[in-house]
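Q: Quick one: the structure is below, questions incoming.
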Amino acid sequence: MNGIIEMIRGGLEQIINAGWLMAVIGVYSMISHAVILERAINLRRSKLIPAQFIARIYNVLERGSPEIAIALCDKRPGPLTNIIKAGIIHRHYDEERLKKVVHFAVLQERPKIERYLSLLGVIPPLATYTGLLGTVIGMIRSFGALGMMDISIDAEVNMAKGISQSLMTTAAGLVVALPAFIA
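In our numbering, the protein residues as written are 305 to 487.
Below, the structure written as structure tokens:
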């Protein structure tokens, strides 16, 4: 038990010592997990495509009761039932016009289905670049400290200073790239 606690404590210390960028990456993680959970709950197959409910609407329509089918759709609004409802309401249109109505209904419902998914496309590269920025900042600190040490070998000092300088420019590039990528 103590071994597990020490492992957790050591891991938390490493996260804390990794710097403020770990907090940013943590926020990215919370956002992505929240989106994934929200989408999983709201796009459950039973909610998005309620099979028994659709069968019930189909049976009502076969009996010639479109008004009842529309009322059923109104009782359980959702992307698919809203699309079906649009088709039922405009059932007297010719096939081409009905296709346009249903297509328009699909376009109306699409944002509800795809809500927040764009965040999932943005967060992975943001987290990657943020992590890279943290790596570069850490390397700058390491080589900067090495360059300040009193070492008799000039080559090592010059190498450390040069690497520190190159990492600084990489960090500056990332500092510029991250906001641009977000925008």
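For every residue, glycine included, the Cβ atom is placed at its ideal position computed from N, Cα and C.
Let me make sure I understand the geometry here. Which of 468, 441 and 442 has the alpha-carbon closest to that of residue 452?
A: Mapped onto the sequence shown, residue 452 falls at position 148. With distances taken between Cα atoms, residue 452 lies closest to 468.
Q: If you follow the alpha helix (DSSP H) that residue 322 is part of, which residue opens it and which one closes it?
A: Stepping through the sequence shown from its first residue, residue 322 is reached at position 18. No alpha helix (DSSP H) contains residue 322, which DSSP labels as neither H nor E.
Q: Ignore the nearest five residues each way along the sequence and tell me which others in residue 421's own chain have a CB closer than 8 Å to its CB.
A: Taking the sequence shown and counting its residues from 1, one reaches residue 421 at position 117. 339 and 343.
Q: Less than 9 Å between the C-beta atoms of residue 359 and residue 386, yes or no?
A: Your numbering for residue 359 matches position 55 in the sequence shown. Your numbering for residue 386 matches position 82 in the sequence shown. Their beta carbons are not under 9 Å apart, which means residue 359 does not touch residue 386 by this criterion.
Q: Kindly confirm or deny that the region 392-409 and the region 366-380 touch, where touching means at least three C-beta pairs closer than 8 Å.
A: Verdict: yes, contact present.
Q: Would you check if the region 307-325 and the region 416-431 touch, i.e. whether three or more CB-CB distances between them fall below 8 Å?
A: No: fewer than three Cβ pairs fall under 8 Å.
Q: For residue 431 and residue 329, which I take to be in contact (beta-carbon distance under 8 Å), what is that distance rounded to the nearest angstrom?
A: To locate residue 431, count along the sequence shown from 1; it is residue 127. To locate residue 329, count along the sequence shown from 1; it is residue 25. That belief holds up - the Cβ atoms of residue 431 and residue 329 are roughly 5 Å apart, short of 8 Å.
Q: Do you know offhand how far residue 369's Cα is from residue 346's?
A: Within the sequence shown, numbered from 1, the residue matching residue 369 stands at position 65. Within the sequence shown, numbered from 1, the residue matching residue 346 stands at position 42. Going by the C-alpha atoms only, they are around 30 Å apart.
Q: Our contact map puts residue 336 next to residue 424 with C-beta atoms below 8 Å; I'd like the distance itself, whole angstroms only.
A: Residue mapping note: residue 336 aligns to position 32 of the sequence shown, counting from 1. Residue mapping note: residue 424 aligns to position 120 of the sequence shown, counting from 1. The pair is a contact, with the Cβ atoms about 6 Å apart (cut-off 8 Å).
Q: Give a yes or no on whether the C-beta atoms belonging to residue 440 and residue 475 are separated by under 9 Å.
A: As a first step, residue 440 must be located in the sequence shown, where it is residue number 136. As a first step, residue 475 must be located in the sequence shown, where it is residue number 171. Yes; because the gap between Cβ atoms is below 9 Å, this pair is in contact.
Q: Please check the pair residue 438 and residue 322, which I expect to be a contact at CB under 8 Å, by giving their CB distance rounded to whole angstroms.
A: Taking the sequence shown and counting its residues from 1, the one referred to as residue 438 is at position 134. Taking the sequence shown and counting its residues from 1, the one referred to as residue 322 is at position 18. Indeed, because the Cβ distance is near 7 Å, the residues count as touching under 8 Å.
Q: Residue 365 and residue 434 - do their beta-carbons sit closer together than 9 Å?
A: In the sequence shown, the residue the question calls residue 434 occupies position 130. In the sequence shown, the residue the question calls residue 365 occupies position 61. No, they are not a contact pair.
Q: Does the separation of the CB atoms of residue 443 and residue 478 fall below 9 Å?
A: As a position in the sequence shown, residue 443 is number 139, starting the count at 1. As a position in the sequence shown, residue 478 is number 174, starting the count at 1. No, the pair does not count as a contact, with Cβ atoms beyond the cut-off.
Q: Terminal residues of the continuous alpha helix (DSSP H) containing residue 407?
A: Taking the first residue of the sequence shown as 1, we reach residue 407 at position 103. Start and end: 399-418.
Q: Report the three-state DSSP secondary structure of residue 372 (helix, strand or coil).
A: The residue given as residue 372 occupies position 68 in the sequence shown. Here residue 372 sits in helix by DSSP.
Q: Compare the C-beta of residue 337 with all C-beta atoms of chain D and state if any pair is closer than 9 Å.
A: Any reference to chain D falls outside this structure, which holds one protein chain only.
Q: When DSSP labels each residue in this structure, what does residue 353 get in the three-state scheme?
A: By one-based count along the sequence shown, residue 353 stands at place 49. Three-state DSSP puts residue 353 in coil, outside helix and strand.
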